[in-house]
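One structure is given here, and the rest of the page talks about it.
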Amino acid sequence: MSRDLVRAVLLLAALFSVAACVSPEELRQQDEAACLSYGFQRGTPDFAACLQRESLARRYGEPEPWYGPPFGWYGPGWHPMP
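In my numbering, the protein residues as written are 217 to 298.
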């Protein structure tokens, strides 16, 4: 590989790693925007609960997707009894 190509790849990797960083303030703004879009009003207990749910949803996230066939699917022509 040429030096220019290696430099370009390293630069892109550095840019992507920095772009993935989000400050706590930005996370709070995103959570507030989400709760406001749901119709909650700032300063209410429901708004605070919404912020907490958004934070917990981000912390625990969605479970990893399963990339296999749906449960119970064994392909065409497969039968449990011969």
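By construction, the Cβ of each residue, glycine as well, lies at the ideal position given by its N, Cα and C atoms.
Got a sec? Which residues, its chain only, sit under 7 Å from residue i by beta carbon, not counting five neighbours each side?
i: Cys266; result: Cys251, Tyr254, Phe256
i: Ser271; result: Asp247
Once you ignore the five residues that flank residue i on each side, which residues in its own chain have a CB closer than 6 Å to its CB?
i: Arg274; result: none
Check the Cβ-Cβ distances between residue i and every residue of chain D, and say whether any is below 9 Å.
i: Pro240; result: You won't find chain D in this structure, because it holds only one protein chain.
Can you tell me where the alpha helix (DSSP H) holding residue i begins and where it ends?
i: Phe263; result: 261-276
i: Arg244; result: 240-253
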